[in-house]
Amino acid sequence: MNVPLLDLVAQYRGIKDELLPAVQAVIESQQFIMGPAVAQLEVEIARLSRARHGIGCASGTDALLLPLKALALAPGDEVITTAFSFFATGGTIHNTGGTPVFVDIDPETFNISPAAAEAALTSRTRALLPVHLFGQMAVLERLLPLAERRGLPVIEDAAQAIGARRRIAGEWRMAGELGWVTGYSFFPSKNLGGWGDGGMMVTSDDALADRLRKLRLHGGAKQYYHDEVGTNSRLDTLQAAVLLAKLPHLAAWSARRREHAAYYSQALADVPQVRAPCIDRANEHIFHQYTLRVERRDALQAHLKSKGIGSAIYYPVPLHLQRCFSHLGYQRGQLPEAERAAGEVLSLPIYPELAPTQLDQVVDAIRGFYR
Ligand SMILES: *Cc1c(COP(=O)(O)O)cnc(C)c1O
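Its first residue numbered 553, the sequence shown is counted upward by one per residue in this note's numbering.
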């Protein structure tokens, strides 16, 4: 049996009877733009995040772009973020006129290092943009006070962390609860994925919520009256309907991912060439990715492929070394942990519908490779 990196067909087969009527209802109504499912989903995602407002938008990228646009960055304004993330994290800072300041990661969790973020603060810093990478939250209790002391907003990139939580000062805090604004992605491969592109912002700042609602509709609360120049970035009603039908399953799916992760980590614990992902004790991880550090990574990946097992490298080139950011002047060796991670990481299949035999197949293939 093959073990693909992700099997969305398996998920679809299991919940087809819930999804198709929801989609059909939208089709029957023909309300494809800003239909009622959009507002319903906004309420649900805000509730999940313990935030006051949800604002749907066209993608996870736009869920970062619109809040950054709301900051009205001037040339030279800096936004501190991690060097080890999906491209959108850095690209949106650039595209809103800011300068991304990439900092190194904590080698245990792959998340932004609070000490590195602190060291990168300058008089031009306008915001912090931590990413909750692979499904576990960054150390917000250290980043938030840094930002607060300087009056800086924190934008959480929670594209990979919907429903993740972290125990802070003895209390569980959700992704999206504590930042100024948080961006989610509903890209099909995310833990809560639509049938196309989609995203959402959540915030408890009423004024910001109003602003974001306008920015996604060409900058006007009232049609054909424009307070500022926004863009077209709406969440389709069809996507909202799919996501509403999937949302009741999200917690169980994330729990299954955690079980699979525990199984892999246990089964690989005695393989010295492999380091299982480290779960920060304060976090409840949702395992968007299960990411190992391994020796001879590329050869292992080829071996897995030859056995019909999918895997992926998230991410092969850290953001500070991407060619498009060469003008920023970063040197190889400058952010050693992000660079080391880029050379060692390998993500395994972790989707909820994986069968026990498939998990064993992956484990056996890895053990076989190093034997
Ligand atoms: C997926 C992702 C995004 C962008 O989301 P899209 O919906 O693909 O635009 C941003 N940041 C991170 C960390 C992501 O994983």
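Ideal placement from N, C-alpha and C gives every residue a C-beta, glycine not left out.
### Query
Is it right to say G687 is buried, meaning 16 or more other beta carbons lie within 10 angstroms of its own, or is it exposed?
In the sequence shown, counting from the first residue as 1, residue 687 sits at position 135. It is buried - the Cβ of G687 has at least 16 other Cβ atoms within 10 Å.
### Query
Looking at T648 and L620, is the spacing between their C-beta atoms short of 7 Å?
To locate residue 620, count along the sequence shown from 1; it is residue 68. To locate residue 648, count along the sequence shown from 1; it is residue 96. Cβ atoms of L620 and T648: closer than 7 Å.
### Task
Taking G642 as the reference, give the member of R602, D850, S878 with the closest Cα.
Indexing the sequence shown from 1 puts residue 642 at position 90. Considering only alpha carbons, the answer is S878.
### Message
With H, G and I counted as helix, E and B as strand and the rest as coil, what does DSSP make of H778?
### Response
Residue numbering aside, residue 778 sits at position 226 when the sequence shown is read from its first letter. Of the three classes helix, strand and coil, the one that applies to H778 here is coil, per DSSP.
#### Entry: 8 Å contact criterion, which I861 and A716 should meet: CB distance rounded
Walking along the sequence shown from the start, residue 861 turns up at place 309. Walking along the sequence shown from the start, residue 716 turns up at place 164. So it is not a contact: roughly 26 Å between Cβ atoms.
### Element boundaries [beta strand (DSSP E), containing S899]
Translated into positions along the sequence shown, residue 899 becomes position 347. Where S899 is concerned, the enclosing beta strand (DSSP E) stretches over 897-900.
### Query
Leaving out five residues before and five after L871 in sequence, what residues of the same chain have Cβ atoms less than 6 Å from its Cβ?
Taking the sequence shown and counting its residues from 1, one reaches residue 871 at position 319. Cβ within range, chain order: A635, G642, F654.
### Task
Please confirm whether any heavy atom of ligand 1 lies closer than 6 Å to the CB of A640.
Residue numbering aside, residue 640 sits at position 88 when the sequence shown is read from its first letter. Yes; taking the cut-off as 6 Å, the Cβ of A640 has a heavy atom of ligand 1 nearer than that.
### Query
Since G566 is in the alpha helix (DSSP H), which residue starts that stretch and which ends it?
Your numbering for residue 566 matches position 14 in the sequence shown. Its alpha helix (DSSP H) spans residues 560-581.
### Stretch pair the region 777-797 + the region 739-747: three plus CB contacts closer than 8 Å
Yes, the region 777-797 touches the region 739-747.
### Task
Check whether the Cβ atoms of R676 and D629 sit closer than 7 Å, and answer yes or no.
Locating residue 676 in the sequence shown gives position 124, where the first residue counts as 1. Locating residue 629 in the sequence shown gives position 77, where the first residue counts as 1. Yes. Within cutoff.
### Backbone secondary structure at E811 - three-state DSSP
Taking the first residue of the sequence shown as position 1, residue 811 is located at position 259. When secondary structure is reduced to three states using DSSP, E811 falls in the helix class.
### Query
Alpha carbon to alpha carbon, how far is A574 from W805?
As a first step, residue 574 must be located in the sequence shown, where it is residue number 22. As a first step, residue 805 must be located in the sequence shown, where it is residue number 253. Each residue's alpha carbon lies about 20 Å from the other.
### Query
Is there at least one non-hydrogen atom of ligand 1 closer than 6 Å to the beta-carbon of S806?
Counted from its first residue, the sequence shown places residue 806 at position 254. With a threshold of 6 Å, the Cβ atom of S806 does not count as near ligand 1, since no heavy atom of the ligand is closer than that.
### Message
Within 10 Å of its beta-carbon, does D569 have 16 or more other beta-carbons around it, so buried, or fewer, so exposed?
### Response
Translated into positions along the sequence shown, residue 569 becomes position 17. With fewer than 16 other beta carbons inside 10 angstroms of its own, D569 counts as exposed.
### Distance, G771 Cα to R694 Cα
The residue you call residue 694 lines up with position 142 of the sequence shown. The residue you call residue 771 lines up with position 219 of the sequence shown. Between R694 and G771, the alpha-carbon positions lie close to 34 Å from each other.
### Message
For L914, report the span of its alpha helix (DSSP H) as first-last.
### Response
One-based indexing of the sequence shown puts residue 914 at position 362. Sequence check: residue 914 is Val here, not Leu. Where V914 is concerned, the enclosing alpha helix (DSSP H) stretches over 908-922.
### Query
How would you label I632, buried or exposed, when you count the other beta carbons within 10 angstroms and need 16 or more for buried?
Reading the sequence shown from its first residue, position 80 is the one you call residue 632. That one is buried.
### Message
Would you say the beta carbon of T843 is closer than 6 Å to some non-hydrogen atom of ligand 1?
### Response
Stepping through the sequence shown from its first residue, residue 843 is reached at position 291. For ligand 1, not one heavy atom lies less than 6 Å from the Cβ of T843.
### Task
Return yes when at least one heavy atom of ligand 1 lies under 6 Å from the C-beta of V683, else no.
Position 131 of the sequence shown, counted from the first residue, corresponds to residue 683. At least one heavy atom of ligand 1 is found less than 6 Å from the C-beta of V683.
### Task
Kindly indicate which three-state DSSP category L787 falls into: helix, strand or coil?
Counted from its first residue, the sequence shown places residue 787 at position 235. Coil.
#### Entry: Close Cβ partners of P868 (< 7 Å) along its chain, the five nearest in sequence each way excluded
Numbered from its first residue, the sequence shown carries residue 868 at position 316. Close CB contacts of P868 within its chain, under the 7 Å cut and outside five residues either way in sequence, are with A894 (chain order).
#### Entry: Span of the beta strand (DSSP E) around P652
Counting from one through the sequence shown, the residue named residue 652 turns up at place 100. Looking at the DSSP string, the run of the beta strand (DSSP E) that includes P652 is 651-655.
### Query
Going by C-alpha distance, which of R719, K798, E660, N554 is nearest Q563?
Stepping through the sequence shown from its first residue, residue 563 is reached at position 11. Among R719, K798, E660, N554, the Cα nearest to that of Q563 belongs to K798.
### Query
So, R678 versus L730, is the Cβ gap smaller than 7 Å?
Within the sequence shown, the letter at position 126 stands for residue 678. Within the sequence shown, the letter at position 178 stands for residue 730. No, Cβ-Cβ distance for R678 and L730 is not below 7 Å.
### Task
Determine the direct distance from the alpha carbon of A640 to that of A610, and round the result to whole angstroms.
The sequence position of residue 610 within the sequence shown is 58, counting from 1. The sequence position of residue 640 within the sequence shown is 88, counting from 1. Cα to Cα, the separation comes out at about 14 Å.
### Task
Put H840 into one of helix, strand or coil per three-state DSSP.
Reading the sequence shown from its first residue, position 288 is the one you call residue 840. Shown here, H840 sits in coil according to DSSP, grouped into three states, outside any helix or strand.
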